[in-house]
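Okay, structure first, notes after.
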Amino acid sequence: MKRILVTGALGQIGSLLVEQLRTIYGISSVIAADIRNSLMAQEEGPFEKMDVTEGKEFSAIAKRHNVDTIIHLASILSAKAEFIPLEAWRTNMTGLLNGLEIAREMDLQFFTPSSIAAFGHSTPKENTPQLTIQRPITMYGINKTAGELLCDYYFKKYGMDTRGIRFPGIISHNEPGGGTTDYAVEIYHAALERGAYTSYLKKDTTLDMMYIPDALDAIIQLMETDSNKLKNRNAYNISSFAAAPKDFAQAIRKHIPHFQLDYKIDPIRQKIADSWPNQLDCTAAKREWGFQPKFDLEKTTEDMFRKIKEK
Ligand code: AKB
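If you count the sequence shown from 1, position 27 lands on 27 in the UniProt record's numbering, and the numbers rise without skipping.
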């Protein structure tokens, strides 16, 4: 019986991942932890209010629940981190090191996401290889690159079962917070509410994207894969499709023909997005653990509208 601790459990990925993990492994097997207070009802499953930078507290919770896996999602995203770089370093790096140390001490399986932010201007933009130049220009990207190296280090030095994914922009009906790719969520809500959206990225800024069900399946599939099959312990490139604001507008207009997209460029987020790749090469993830996304931009758009209306 698995016992999984998920940090950052109230975030964009965490809240939906916890739900899916509980469906698979049972409600009491998945311990949700977050620095924020949960609005979830007690009966929805175990929840711990926890700060990942407090190592003793983090460790006590992992031990109390006798977990065998940590899925460490807690982090400050790219755009927000540029305003509070030192706090971002503390949350993203001290939090990660605490998680790795607890996993080492307790001999746990450990997952943490990296991101397309781990790349920079000198990385090949098209078909970005699994193994390539990583010179990120943001605090979040530096944290992600260092995190990848740490996961590799703990695997090689201690034989720990570390696993990771380089996430693209994640699209979901629930809210992201503080990311450069957040527009890809906001645009759908705005399309339904107002029939219009003002993009803070230029119309041609192409980035890798993924709809949340594919992201959740990818985490679970990677975690379920036989350890011997995995050659990359830092993080795997994954992506479902590459799209720019103008591509989202085109997809949205198939459902809302009068949808209007205009632009008011945010120089900070534009600079970040310009430093990231256009499209990752996901061959290693496909070959080593069978990564196979189901949602392209059209299917994502259809399902996003359905989910938002349901809400
Ligand atoms: C962000 O925009 O910061 C995140 C990411 C790509 O890691 N969504």
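The beta-carbon is built from N, C-alpha and C at its ideal position, and this holds for glycine as well.
Fair warning: this is a prediction, and the values are worked out from it, not measured in the lab.
Which stretch, first to last residue, makes up the alpha helix (DSSP H) that contains residue i?
i    : result
D262 : That residue, D262, is in no alpha helix (DSSP H); its beta strand (DSSP E) goes Q260 to Y263.
M304 : L297 to E310
Taking 8 Å as the limit between beta carbons, can you name the residues of its chain near residue i, skipping five residues before and five after?
i    : result
T301 : Y188, F248, A251, I252, K254 and H255
Q221 : W289, G290 and F291
I102 : G55, F58, S59, A62, I70 and L108
M93  : N143, A146 and G147
Can you say whether residue i is buried or exposed, counting buried as having 16 or more other CB atoms within 10 angstroms of its CB?
i           : result
T23         : exposed
K269        : Contrary to the premise, residue 269 reads as Arg rather than Lys in this sequence. R269 comes out buried.
E126        : exposed
S28         : exposed
G169        : buried
N66         : exposed
D204        : exposed
residue 314 : Missing from the structure shown is residue 314; the chain here goes from 1 to 311 and no further.
P267        : exposed
H173        : buried
M1          : exposed
I133        : exposed
R194        : exposed
G164        : buried
L280        : buried
residue 312 : The structure shown does not extend to residue 312, since the chain is modelled only from 1 through 311, so no value can be given for it.
G14         : buried
P293        : buried
L131        : exposed
G11         : buried
G95         : buried
So residue i is in the beta strand (DSSP E); what residue range does that whole segment cover?
i    : result
Y25  : Unbroken run through Y25 is the alpha helix (DSSP H), Q12 to Y25; no beta strand (DSSP E).
I34  : At residue 34 the sequence reads Asp, which differs from the Ile that was named. Residues V30 to D34.
T198 : A196 to S199
D208 : L207 to Y211
I4   : I4 to T7
Which residues in the same chain have their Cβ closer than 6 Å to the Cβ of residue i, if we skip the five residues on either side of it in sequence?
i    : result
S38  : F47
F72  : The sequence shown places His at residue 72, not Phe. These residues qualify, in order along the chain: T7, G99 and T112.
T198 : D262 and K264
F259 : A191, G195, I252 and R253
A32  : V6, A9, V18 and F47
T206 : A242, A244 and N278
Excluding sequence positions up to five away, which residues of its chain have a Cβ less than 7 Å from the Cβ of residue i?
i    : result
D161 : Q109, F110 and S227
V30  : I4, V6, V18, L21, R22 and G45
A273 : T180, L201, T205 and L207
For chain B, find out if any of its Cβ atoms is closer than 8 Å to the Cβ of residue i; answer yes or no.
i    : result
A117 : Here there is only one protein chain, and chain B is not present.
Which residue spans inside the region 142 to 188 form an unbroken beta strand (DSSP E) run of at least 3?
161 to 163, 165 to 167 and 169 to 171
Contact between the region 168 to 178 and the region 118 to 135 is defined here as three or more beta-carbon pairs at a separation below 8 Å; is this criterion met?
no
Which full runs of the beta strand (DSSP E) of 3+ residues lie inside the region 219 to 290, going along the chain?
241 to 243 and 260 to 263
Write down every uninterrupted run of the alpha helix (DSSP H) in the region 49 to 122 whose length is 4 residues or greater and which is fully enclosed by it, in chain order.
55 to 64, 78 to 83, 85 to 89 and 95 to 106
Any contact of the region 232 to 241 with the region 140 to 152, i.e. 3+ C-beta pairs under 8 Å?
yes
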